[in-house]
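Peer 1: In this note's numbering, the protein residues as written are 16 to 91.
Quick reminder that beta carbons are idealized off the backbone N, C-alpha and C, glycines included.
None of these values were measured; they are calculated from a predicted model.
Please read through the structure below; I'll follow up with questions.
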Amino acid sequence: AQTDPMHLRLTLIDGGYINPSTRAAVVRCRTVKPKRITDLLSGETFDVSDPSSIRITVPCGLFRFLDVELTEPFGG
């Protein structure tokens, strides 16, 4: 979801409700360039030096709410 021209909101969920486990999600940014990705609950930031493959761990049975700050306005 777009929260403003410079920020996107991304929610990652451990989808293994039958067999919950810590999982690694790979976020691929193809049309936007992230400046920073921050977990809104923990404050943890993630390495965005390679926007084609950003690995983010989703703890067992939980979720992450991420703020993606962009280097330039979305859509412009």
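Determine the extent of the beta strand (DSSP E) in which valine 41 is found, giving its start and end residues.
Peer 2: 38 to 42 is the span of the beta strand (DSSP E), which, as asked, contains valine 41.
Peer 1: Would you check if the distance between the CB atom of isoleucine 71 and the CB atom of phenylalanine 61 is smaller than 8 Å?
Peer 2: Contact: yes.
Peer 1: Would you say alanine 40 and leucine 56 are within 8 Å of each other, going by their C-beta atoms?
Peer 2: No, Cβ-Cβ distance for alanine 40 and leucine 56 is not below 8 Å.
Peer 1: Give the range of the beta strand (DSSP E) segment to which isoleucine 28 is assigned.
Peer 2: Isoleucine 28 -> beta strand (DSSP E) spans 22 to 28.
Peer 1: Helix, strand or coil for isoleucine 13? Go by DSSP, reduced to three states.
Peer 2: Because the chain spans 16 through 91 in this model, residue 13 falls outside it and cannot be assessed.
Peer 1: Determine, using beta carbons only, whether arginine 24 and aspartate 82 come nearer to each other than 8 Å.
Peer 2: It is a contact, given that the beta carbons lie within the stated cut-off.
Peer 1: Where do the N-terminal and C-terminal ends of the beta strand (DSSP E) with phenylalanine 78 fall, by residue?
Peer 2: It spans 78 to 85 - the beta strand (DSSP E) in which phenylalanine 78 sits, taken as one unbroken run.
Peer 1: Pull up the DSSP beta-bridge partners for proline 49, would you.
Peer 2: The partner list for proline 49 (beta bridge, DSSP) reads Leu85.
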